[in-house]
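Numbering (this note's numbering), first residue to last: 403 to 1157.
Glycine included, C-beta positions come from ideal geometry on N, C-alpha and C.
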Ligand code: ADP
Ligand code: ADP
Ligand code: ZN
Ligand code: ZN
């Protein structure tokens, strides 16, 4: 039964999470941008309602045989939804995959390249499969196509100033007294009190590399039929040649101490065997081409003039050009997807869809501007417009004013976050939004200005001749005791310098990044900030029972879900499916534990309070202080028990920031702290960073947001371009000086923004 206009997605009575029974129509085949403060309900509408229902209905169309194998989605809480299209979500989750997943394989460009080599490569060696490093006939036999090998670092495994009796072998499994250690001291080959540095070359070889032999005159206690073999020989067999998943988890930290990963000596990282590498086009084998940065590969492929290859050449160049167009021209096809940042992952996924010929789909983007310099946002807009022009509906959750401007339609959510949000406060054109009184409207009309007084540095962190990744012998002094912003286009080398080089030189640096937070799957804001312990003792005291009952992995936990509240099913080909635990209905604890209350609320009800509600519920000073800091970083709407792995990258970064606010004298590095923040919250963030500095810390942030850049004491601009064309410091100085530097792209954009 379809009614209403076909050119609109119609939603009536949506109530998921904080949505207040809202009605909304979204034009199809247009770009709709959703704005609003963090926690206002944008994701609840787009992901939890629209995308979830589209996916559920799509699954319903499959036969019951397949349906049983698909995740079961509950029906979102809404009265009516009409005219949906199948949804494709392009988010910032890292691309799942192991070391065999690369930019080339994930975009399918590598398989086109294989096809090309199988057609016109010289000499012709076989079908396109053979060019795959995941295929037994193509892979390098030494590293099995991984390009890297793990090996023991001899310097780290042995302390040569010691004897065997003194514990010269540093790996715990070989500690004095262990069975493995006895294999050496009882072998009869060594003077067990002789320091290893005094060993003859022969003894050293025997100790390290000897293959299995029967020892000549072993000492008492030797096992009758046992053979002797060297430490390294044994170590490799026992710890390295086994699947890392199999070797004991408890050994992993010790393994990391003595084992290093390096390029494979046979293929030098090319991953393929000699025969495959001998096949060339214009003098280059497939691995050499996969190692070129995309912008160079475009030129290389463009040189191929063979008539038989022109269709393939055109297809490869089209996709490479998409990568370049979206600001990823500095990546190479052989780059492992696991090393990409969130923003890079999202853009790589986007390229995969741009090559698709499906139309009338619904594409949903989550802050696509993340990680992009003002210069590249324009290209991103062009790509999203081209998706629309192919006949797709595009929904974008975004805070960046430059992306907001391309909207055909705006849905502004608010007015506040959590229970103060969940409504649509403005709907219509961008022009109308600019004039509206909503927080977004006001934010867009703001008049930015530079700070009048700047702080004086108290010293500096010195980097000399850094060469990590694309850095071109970078030497730079980063001032201490002030707020420094590191700018530059994506791929210019900002993270290589700040996240890569700096912490190696100064290990005391505190990284407040968007990576997963340390902790278990049971971690949540309460456990992460430490207030969970206090809450448990409050419950214990109020009910005169043991506090352990209220730990979610303890004796009081629901046995079915082990206190997680959800059960998850791993599907090989999709993200894992998580469903509410049927036994406890997501309440995590056994019924009797849920019967204990604190001021009228059960442990489950307390964990469901958000930060704002919890601040009213608790009066204990320690707890209130922590909640106050969460409030200050704009996380009022988070519930105490929300699993940390459900938080976005920006939220994770801000929760880490909250735990640091009262510390003094540290060096902090942050990676795009404005990610996920509404225009109106950026000022709060800047105030927090200033507070850290005023408390005597040094703050260094990588950032594209022009408001943040304008408020820095000091700017380091990387560039001039990306990848090979970047890796230099192109400007160091104050924001005022940056504006007048015509050579800095960032300066040009900042100048436009300020004036
Ligand atoms: P936005 O996308 O605008 O940042 P969300 O839709 O993520 O906002 O959040 C809106 C409200 O719904 C917030 O109060 C948030 O804490 C709550 N919320 C979001 N997801 C969940 C969830 N899985 N469980 C409980 N509450 C949630
Ligand atoms: P930015 O932070 O400015 O976006 P990056 O420091 O991430 O820039 O990247 C600079 C260069 O280093 C790029 O050419 C990028 O491809 C390369 N690079 C970054 N990380 C890695 C990595 N883990 N492995 C290989 N190359 C990398
Ligand atoms: Zn190899
Ligand atoms: Zn349960």
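The beta strand (DSSP E) enclosing residue i, as first and last residue numbers
i, result
"residue 533", "Where residue 533 is concerned, there is no enclosing beta strand (DSSP E), given that its DSSP letter is neither H nor E."
"residue 437", "433-437"
"residue 1069", "1069-1073"
"residue 815", "811-816"
"residue 867", "862-868"
"residue 763", "Taken as a continuous stretch (DSSP letters only), residue 763 belongs to no beta strand (DSSP E), as it is neither H nor E."
"residue 717", "Residue 717 -> not in any beta strand (DSSP E); alpha helix (DSSP H) instead, spanning 712-725."
beta-carbon residue i near ligand 2 non-hydrogen atom, thresh 7 angstroms
i, result
"residue 732", "yes"
"residue 1106", "no"
First and last residue of the uninterrupted alpha helix (DSSP H) at residue i
i, result
"residue 694", "No alpha helix (DSSP H) holds residue 694; DSSP gives it neither H nor E."
"residue 1133", "Where residue 1133 is concerned, there is no enclosing alpha helix (DSSP H), although the beta strand (DSSP E) it sits in stretches over 1130-1135."
"residue 942", "933-945"
"residue 1116", "From DSSP, residue 1116 is part of no alpha helix (DSSP H) but of the beta strand (DSSP E) over 1116-1121."
"residue 461", "454-462"
"residue 581", "581-587"
"residue 1151", "1147-1156"
"residue 1127", "Here residue 1127 belongs to no alpha helix (DSSP H), and DSSP marks it neither H nor E."
"residue 916", "First-last for residue 916: undefined, no H or E at that position."
"residue 511", "511-522"
Spatial distance of residue i from residue j (CA atoms)
i, j, result
"residue 426", "residue 749", "29 angstroms"
"residue 587", "residue 564", "14 angstroms"
"residue 688", "residue 556", "34 angstroms"
"residue 878", "residue 520", "47 angstroms"
"residue 509", "residue 683", "22 angstroms"
"residue 975", "residue 1131", "With a pLDDT of 47 at residue 975, under the threshold of 50, the predicted position of this residue should be treated as unreliable, though the coordinate-derived value follows. Each residue's Cα considered, the two are about 43 angstroms apart."
"residue 837", "residue 843", "6 angstroms"
"residue 528", "residue 891", "41 angstroms"
"residue 647", "residue 641", "Low local confidence applies: a pLDDT of 48 at residue 647 is under 50, so the model's placement there is unreliable, with the coordinate-based value given in what follows. Their Cα atoms are separated by approximately 11 angstroms."
"residue 957", "residue 1015", "28 angstroms"
"residue 410", "residue 487", "11 angstroms"
"residue 699", "residue 507", "15 angstroms"
"residue 808", "residue 431", "14 angstroms"
"residue 736", "residue 851", "43 angstroms"
"residue 619", "residue 591", "8 angstroms"
"residue 1139", "residue 900", "22 angstroms"
"residue 453", "residue 482", "14 angstroms"
"residue 450", "residue 797", "14 angstroms"
"residue 408", "residue 829", "19 angstroms"
beta-carbon residue i near ligand 4 non-hydrogen atom, thresh 7 angstroms
i, result
"residue 878", "no"
beta-carbon residue i near ligand 3 non-hydrogen atom, thresh 7 angstroms
i, result
"residue 549", "yes"
"residue 553", "no"
"residue 696", "no"
"residue 693", "no"
"residue 382", "Residue numbering for the chain in the displayed model covers 403 to 1157; residue 382 lies beyond these limits and cannot be assessed."
"residue 1139", "no"
Cβ distance (whole Å) where residue i is taken to contact residue j below 8 angstroms
i, j, result
"residue 815", "residue 827", "7 angstroms"
"residue 1117", "residue 889", "6 angstroms"
"residue 439", "residue 1006", "Going by Cβ atoms, the distance from residue 439 to residue 1006 rounds to 28 angstroms, so no, they are not a contact pair."
"residue 885", "residue 1115", "5 angstroms"
"residue 1071", "residue 911", "6 angstroms"
Closer than 7 angstroms: residue i CB and nearest ligand 1 heavy atom
i, result
"residue 373", "Examination of residue 373 is not possible in this model, given that the chain is present from 403 through 1157 alone."
"residue 419", "yes"
"residue 441", "yes"
"residue 686", "no"
"residue 453", "no"
"residue 1012", "yes"
"residue 815", "yes"
"residue 444", "yes"
"residue 819", "yes"
"residue 1036", "no"
"residue 1052", "no"
"residue 1121", "no"
"residue 773", "no"
"residue 520", "no"
"residue 1004", "no"
"residue 506", "no"
Using a strict less-than 5 angstroms threshold between each residue's beta carbon and the heavy atoms of ligand 4, what residues do you get? Chain order is used for the residues whose beta-carbon lies nearer than 5 angstroms to a heavy atom of ligand 4, namely 960, 962, 963, 983, 985 and 986.
Run the Cβ filter for me: residues under 5 angstroms from any heavy atom of ligand 2, listed in the order they occur in the chain. Shown in chain order are the residues whose CB sits closer than 5 angstroms to a heavy atom of ligand 2: 732, 741, 871, 872, 892, 893, 894, 895, 896, 897, 898 and 1125.
Using a strict less-than 5 angstroms threshold between each residue's beta carbon and the heavy atoms of ligand 3, what residues do you get? Those residues, listed in chain order, are 542, 544, 545, 666, 668 and 669.
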